[in-house]
Amino acid sequence: WGHPRFVIPASTLEPYGYASLITSVIVTEDKKIVMVDYARDHIRVLAGSTQTKALVGSDPWSMAFRRDGLVAVTREFSEPYYDYSWSFEPKVDFVNVSGAVPEVVSTIDTWNTYLGVCQGDGDTLIVSTEEEGARIEVIDLSGDVVREILNGSRSSMLMEPRYLTRWGGDVYVSDWGSHKVFRVGLETGRVDSTFAGLNLSDLDLWQPREVAFDDNGNMYVATGKAGAENQWQVLMIQRNGTARVFLDNGVLTGMAPYGLTVDSGAIIVSLAYRDHKGW
């Protein structure tokens, strides 16, 4: 454990021009690795040794996989448009990754700029925004808000919810404002900082990124280390409440994790050079 078997360098993802930054990773049922390339505005798909890509809107951030073969992709910043004044139009892209080549099939307008996203019930998405106070909402596939799970007025703990991961009846929120991971009840909106009896606030986190779970219910968190520049780690929180370092700088020096997923016992994590030599 803690020793990666292979690394896919950014140079193989984008041999032309500047490097990539993979901010979100998932694995589909047919074992395709799907990646959000923030730096290149692409959704990338690795199927065996074959790599394909689709251009999406500017600054794609995170994604949620839907059972219809589509991924919903959020954007960190909104595309500007001109009316009578300068304004912004937030959007979510839907990309079909089930075919030989990924393809953007639709783009919806949303009320807010959403960062975190995970699959909701039926034809809905659970999304997070830091606009007008940190909020977690449920939207339908037309972009309309179906209901609000949590808003900033009900909890001052969330400030900048960047990633969402659904597990059981809860959604796990990676918050960059507080540098913590919170568990929020989907039905109640109750914010809790514990997992398996462990207080997640006690963990050494800095801008926690994606959270993932294995089949045994163990949790993994990709994160920097608080107060330690260029130090990073992937933490494993076991179902018995024990936390340990799964990967750190002793394995791969000078890299920071962003995307994280678990599939068939394999931990897949995207790593970025923090000294800007490349991603």
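In our numbering, the protein residues as written are 1012 to 1290.
Each residue gets a CB set at the ideal place from its N, CA and C atoms; glycine is no exception.
These figures come from a predicted structure and were not determined experimentally.
Note to self: Just to confirm the assignment: which complete beta strand (DSSP E) runs, minimum length 3, are found wholly within the segment 1129-1198?
What the structure shows: 1135-1140, 1146-1151, 1156-1161, 1172-1178, 1181-1186, 1191-1196
Item checked: Test item: CB-CB of L1216 and R1173 under 8 Å -> If you number the sequence shown from 1, residue 1216 lands on position 205. If you number the sequence shown from 1, residue 1173 lands on position 162. Not a contact, by the Cβ cut-off of 8 Å.
Note to self: Between the alpha carbons of S1117 and S1153, how many angstroms are there, rounded?
What the structure shows: Start at 1 with the first residue of the sequence shown, and residue 1117 comes out as number 106. Start at 1 with the first residue of the sequence shown, and residue 1153 comes out as number 142. Looking at the two C-alpha atoms, the distance is approximately 10 Å.
Item checked: Cβ-Cβ distance between I1150 and T1135 below 8 Å -> Mapped onto the sequence shown, residue 1150 falls at position 139. Mapped onto the sequence shown, residue 1135 falls at position 124. Taking 8 Å as the Cβ cut-off, I1150 and T1135 qualify as a contacting pair.
Check: Under a Cβ-count criterion, where at least 16 other Cβ atoms within 10 Å of its own Cβ denotes burial, should E1141 be classed as buried or exposed?
Finding: As a position in the sequence shown, residue 1141 is number 130, starting the count at 1. Under this definition E1141 is a buried residue.
Next item on the list: Would you mind sorting D1104 into buried or exposed? The rule is 16 or more other CB atoms within 10 Å of its CB.
Entry: The residue labelled residue 1104 in the question sits at position 93 within the sequence shown. So D1104 ends up on the buried side.
Note to self: So, at 8 Å on beta carbons, what are the nonlocal neighbours of S1073 in its own chain, with the 5 sequence-adjacent residues on each side left out?
What the structure shows: The residue you call residue 1073 lines up with position 62 of the sequence shown. T1034, S1035, V1047, V1084, T1085, L1126, G1127, V1128, R1173, Y1174, L1175, E1221.
Notebook entry, point to check: Could you give the residue range of the beta strand (DSSP E) that holds S1031?
Noted result: Reading the sequence shown from its first residue, position 20 is the one you call residue 1031. Note, S1031: premise wrong, no beta strand (DSSP E); not H, not E.
Item checked: First through last residue of the beta strand (DSSP E) which encompasses D1259 -> Here residue 1259 corresponds to residue number 248 of the sequence shown, with the count starting at 1. Start and end: 1254-1259.
Check: Tell me the DSSP bridge mates of Y1231?
Finding: For the purposes of this step, residue 1231 is identified with residue 220 of the sequence shown, where counting begins at 1. According to DSSP, which records beta bridges pairwise, Y1231 is partnered with A1223, M1247.
Next item on the list: Please work out which residues of its chain come closer than 8 Å, Cβ to Cβ, to H1190, disregarding the five sequence neighbours upstream and downstream, and give them in chain order.
Entry: Along the sequence shown, read from residue 1 onward, the residue named residue 1190 stands at position 179. These residues qualify, in order along the chain: L1216, W1217, Q1218, P1219, A1237.
Notebook entry, point to check: What is the DSSP secondary structure of Y1093, reduced to helix, strand or coil?
Noted result: Here residue 1093 corresponds to residue number 82 of the sequence shown, with the count starting at 1. Any reading at Y1093 must be qualified, since the residue scores a pLDDT of 48, below 50, and its modelled position is unreliable; the value itself is stated next. Reduced to three states, the DSSP call for Y1093 is strand.
Check: What separation, rounded to the nearest whole angstrom, lies between the Cα atoms of G1200 and S1060?
Finding: Translated into positions along the sequence shown, residue 1200 becomes position 189. Translated into positions along the sequence shown, residue 1060 becomes position 49. Cα to Cα, G1200 sits roughly 43 Å from S1060.
Next item on the list: Using a threshold of 8 Å, state whether the C-beta atoms of V1184 and S1139 are closer than that.
Entry: Locating residue 1184 in the sequence shown gives position 173, counting from the first residue. Locating residue 1139 in the sequence shown gives position 128, counting from the first residue. Closer than 8 Å, so yes.
Checklist line | Among A1207, D1203, I1137, N1227, nearest to M1168 - alpha-carbon criterion | finding: Position 157 of the sequence shown, counting from 1, holds the residue named residue 1168. Nearest of A1207, D1203, I1137, N1227 to M1168, Cα basis: D1203.
Next item on the list: Reducing DSSP to helix, strand and coil, say where S1212 ends up.
Entry: In the sequence shown, residue 1212 corresponds to position 201, counting from 1. Note: S1212 maps to helix in three-state DSSP.
Margin query: I need the DSSP call for Q1242, collapsed to helix, strand or coil.
Written below: Taking the sequence shown and counting its residues from 1, one reaches residue 1242 at position 231. Correct three-state label for Q1242: strand.
Margin query: Tell me which residue opens and which closes the beta strand (DSSP E) that T1085 is part of.
Written below: By one-based count along the sequence shown, residue 1085 stands at place 74. Residues 1081-1086.
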